[in-house]
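Q:
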Amino acid sequence: MTKAGPKLSPVISILNMKGGVGKTTISAHVFRHLYIRLGKSTLLVDIDPQFNLTQTIIPQVLYEKHKQARRTIQAVMEPAPTASIFTVTTGLGPPPDVDEVSVGLRHITSDKSINLSVIPGDFGLVKYSLITDQAVLTPVRDRFLKFISETRAKRDLICIDCNPSSSFLTLCALMASTHILVPVRPDRYSILGLDLLEQFINELPNLVPKPKLIVLLNGVPTRGYDPTVENSLRAHPRFGPVTLSTVLHTTKLLEASPGYTGFATDKKQQWRITPRISAVVDELGTHLGLS
Ligand SMILES: Nc1ncnc2c1ncn2[C@@H]1O[C@H](COP(=O)(O)OP(=O)(O)OP(=O)(O)O)[C@@H](O)[C@H]1O
Ligand SMILES: [Mg+2]
C-alpha cells in the first residue's frame, strides 16, 4: 500500500503478563497518535481473545459485520472455521493479504497514502488455549508469522495488543516482534511482571534475535504520588535505560467507558492529554527508528 523501500518495518507487541496494566489503552490511544504525529502507516493487531482493543475503537454493529465477513484475526490464523474448537484446519495454505483482513480507520492526516487500520480481534482465538498439543498449533503460528513478515513490507509499523498470559498467542506475538512495549503501573507487582517477562524472553530457545524491551510507566497518580517504585525502576541496570522518561498519568481521558467508542485524543478535553501522548510518541519513534 504505502510502504516503500527495502527496510522492513518494526513490529511492536504491547505485552505484560500482568493484567490491567494498560496494554490496550496504550495500543489504541498512543499508536493512533503516532500514526498522525509521525505520519506512519500503522496496523493495529488485536490478538487478545477478549478483543478489548477492537471494542474500544469499532462500534459493535460494525464489528458484527466484519466478523460475518471473516475480517478478523481468526482469518489470519486459519482460512476457515473448523467443526470442533479442539481441531485446527489441516493444510492451512498461505496467509491472507493484510487488506483482506484489516479495517481502515478514518483518515486524519492530509496525506491519504498514510493510513491507520486494525485487524479486529476474535473470541474464537480462545480455542488456541484449549489445544494443548503444541505440534498441532505450530502451522497456525507459522502462518501468523508469515502474515506479519509479509505485512512488514506494506506498513510502516505493526502494533500487536497482547493478552495477559504466557499462552500460545503470546509466543506468536513475541516471535513476530522486533520490540516489546511493556506498560507497568508504579507498583511493586508490575515490576515483578517485568522481571518475569525478561526471563521468559531470555529462556525461549527459538527467539532469535530477541526483541528489544521498552518500558512505559502508566497510571501514575497526579496527586499523593510515592515515587519509590519509579525511582528503583529508573535505577535498574537493564530496565532503567529502556524506560521512557515520559509517564502516563491516571486520567479520565484514558479510561475506557462503555458509552464511548473512539480515541482519547479526539475527546473534548483532549488538550489535557495530547501533549503528553505526543511526548511518548516522540520517544517511541526514536526507539523504533521511525522519526
Ligand atoms: N492512564 C490511565 N488512566 C485511567 N484509566 C486507565 C489508564 N490506563 C488504563 N486505564 C484503565 O484501566 C483498565 C485496564 O486497562 P487496559 O484494559 O488498557 O489494560 P490491559 O493491560 O490491556 O488489560 P488486560 O490485561 O485485561 O488486557 C481499563 O479500564 C482502562 O480504561
Ligand atoms: Mg488488554
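With UniProt numbering applied, the sequence shown covers 1 to 291.
Backbone N, C-alpha and C define an ideal beta-carbon position, used for all residues, glycine too.
Predicted, not measured: the structure shown is a model, and the values here were computed from it.
1) Just to confirm the assignment, what range does the alpha helix (DSSP H) spanning His107 have?
2) Measuring from the CB of Asp48, is there a heavy atom of ligand 1 at a distance below 8 Å?
3) Starting from the N-terminal side, write out each stretch of the alpha helix (DSSP H) that is 4 residues or longer and does not extend beyond the region 101 to 147.
4) Taking contact to mean 3 or more Cβ pairs, one atom from each stretch, closer than 8 Å, check whether the region 70 to 88 and the region 174 to 194 are in contact.
5) Within the present structure, is the beta-carbon of Lys267 separated from the nearest heavy atom of ligand 1 by less than 8 Å?
6) Relative to the C-alpha of Leu174, which candidate in Gly219, Leu145, Val184 has its C-alpha closest?
7) What are the start and end residues of the alpha helix (DSSP H) that includes Lys40?
8) Which residue from Phe31, Leu44, Gln50 puts its Cα closest to that of Gly20?
9) Using only alpha-carbon positions, find the residue among Val140, Val184, Ile180, Val118 that is nearest to Gly104.
10) Can you name, in chain order, every residue of its own chain whose Cβ lies under 7 Å from the Cβ of Lys210, other than the five neighbours on each side?
11) Can you name the start and end residues of the beta strand (DSSP E) that Val184 belongs to?
12) Excluding the 5 residues flanking Asp187 on each side, which residues of the same chain have their C-beta closer than 7 Å to its C-beta?
13) Give me the Cβ distance between Pro10 and His249, rounded to the nearest whole Å; I'm assuming they're in contact under 8 Å.
14) Flag this pair as touching only if the region 107 to 121 and the region 87 to 94 have three or more C-beta atom pairs under 8 Å; answer yes or no.
15) If we count the other Cβ atoms within 10 Å of its Cβ and call it buried at 16 or more, is Ser177 buried or exposed?
16) So is the beta-carbon of Ile119 under 8 Å away from any non-hydrogen atom of ligand 1?
17) Tell me the residue span of the beta strand (DSSP E) that contains Val11.
18) Taking Lys65 as part of the beta strand (DSSP E), name the residues at either end of that continuous run.
19) Can you look up Cys159 in the DSSP assignment and give me helix, strand or coil?
A: On the basis of the coordinates in this document:
1) In the sequence shown, residue 107 corresponds to position 107, counting from 1. No alpha helix (DSSP H) contains His107, which DSSP labels as neither H nor E.
2) On the sequence shown, position 48 is the one that residue 48 refers to. For Asp48, the shortest C-beta to heavy atom distance toward ligand 1 is below 8 Å.
3) Secondary structure in the region 101 to 147: the alpha helix (DSSP H) runs of 4 residues or longer, each lying completely within the stretch, are 127 to 130 in chain order.
4) Between the region 70 to 88 and the region 174 to 194, the count of C-beta pairs closer than 8 Å stays below three; the two stretches do not touch.
5) Start at 1 with the first residue of the sequence shown, and residue 267 comes out as number 267. Between ligand 1 and Lys267, a heavy atom-to-CB distance of less than 8 Å is absent.
6) By 1-based counting over the sequence shown, the position of residue 174 is 174. The closest CA to that of Leu174, considering only Gly219, Leu145, Val184, is found on Leu145.
7) The residue you call residue 40 lines up with position 40 of the sequence shown. Boundaries cannot be given for Lys40, as no alpha helix (DSSP H) includes it and DSSP labels it neither H nor E.
8) Reading the sequence shown from its first residue, position 20 is the one you call residue 20. The shortest C-alpha separation from Gly20 is found at Gln50.
9) Position 104 of the sequence shown, counted from the first residue, corresponds to residue 104. If we check each option's Cα against that of Gly104, Val118 comes out closest.
10) Indexing the sequence shown from 1 puts residue 210 at position 210. Same-chain partners within the cutoff: Ile201.
11) As a working mapping, residue 184 is identified with position 184 in the sequence shown. It spans 179 to 184 - the beta strand (DSSP E) in which Val184 sits, taken as one unbroken run.
12) Residue 187 sits at position 187 when you count from the first residue of the sequence shown. Close CB contacts of Asp187 within its chain, under the 7 Å cut and outside five residues either way in sequence, are with Val229 (chain order).
13) On the sequence shown, position 10 is the one that residue 10 refers to. On the sequence shown, position 249 is the one that residue 249 refers to. The pair is not a contact, with the Cβ atoms about 27 Å apart (cut-off 8 Å).
14) Too few Cβ pairs lie closer than 8 Å, so no.
15) Residue mapping note: residue 177 aligns to position 177 of the sequence shown, counting from 1. Around the beta-carbon of Ser177, 16 or more other beta-carbon atoms lie within 10 Å, marking it buried.
16) Translated into positions along the sequence shown, residue 119 becomes position 119. Relative to ligand 1, even the nearest heavy atom lies 8 Å or more away from the CB of Ile119.
17) Taking the first residue of the sequence shown as 1, we reach residue 11 at position 11. Start and end: 11 to 14.
18) Numbered from its first residue, the sequence shown carries residue 65 at position 65. That residue, Lys65, is in no beta strand (DSSP E); its alpha helix (DSSP H) goes 60 to 68.
19) As a first step, residue 159 is located in the sequence shown; it is residue number 159 there, counting from the start. Note: Cys159 maps to strand in three-state DSSP.
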